[in-house]
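Undergrad:
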Amino acid sequence: MARCVWALSDEQLDEHVSGFLKFNVDGGVAKTQNKGASAVVCRDLQDPPTLEALACCEALALPKDLNADKLYIASDAAEVVKGIISGTQG
Numbered sequence: 047m048a049r050c051v052w053a054l055s056d057e058q059l060d061e062h063v064s065g066f067l068k069f070n071v072d073g074g075v076a077k078t079q080n081k082g083a084s085a086v087v088c089r090d091l092q093d094p095p096t097l098e099a100l101a102c103c104e105a106l107a108l109p110k111d112l113n114a115d116k117l118y119i120a121s122d123a124a125e126v127v128k129g130i131i132s133g134t135q136g
C-alpha cells in the first residue's frame, strides 16, 4: 500500500514529505446546470503520456464508483487510447 500524507494546504507540508509526488485535488458543481467536475493535478510528474494514461484510468474508475454502466470517454491522446484499447497500456 502506498504511503500517503494528507494536507489541507501547502503551508501544512514540511520536509518529511520530500521524495513524495504531490497531487492537488478539487471538485465542484455548477450552480445553474446539472454538471459536476473532479480533478487531480500532479505537480511532480511531467511525462504527458503517463499523465494522459492516469487520466484515462480515473475516467474509468469514477463511473465504476458511481455504478454507471454506459460511458463515453473523450481524450485527445490518441496513442494512449490506442494502447489502452489494444491492451498494451493501462
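Just so you know, we're using our numbering here: the sequence shown kicks off at 47 and counts up by one. Heads up, the beta-carbon is just placed ideally off N, CA and C, and yes, glycines get one too.
Which whole-angstrom value is the C-beta distance of Asp90 and Lys68, which I expect to be below 8 angstroms?
TA: 6 angstroms
Undergrad: Near Val127, what residues of its chain come up, given a Cβ to Cβ distance below 6 angstroms and the 5 sequence neighbours on each side ignored?
TA: Ser121
Undergrad: Return the CA-CA distance between Ala105 and Asp111, expressed in angstroms with no decimal places.
TA: Cα to Cα, Ala105 sits roughly 11 angstroms from Asp111.
Undergrad: May I ask you to report which of helix, strand or coil DSSP gives Asp111?
TA: helix
Undergrad: Give the straight-line distance between the Cα atoms of Gly65 and Ala53, rounded to the nearest whole angstrom.
TA: 16 angstroms
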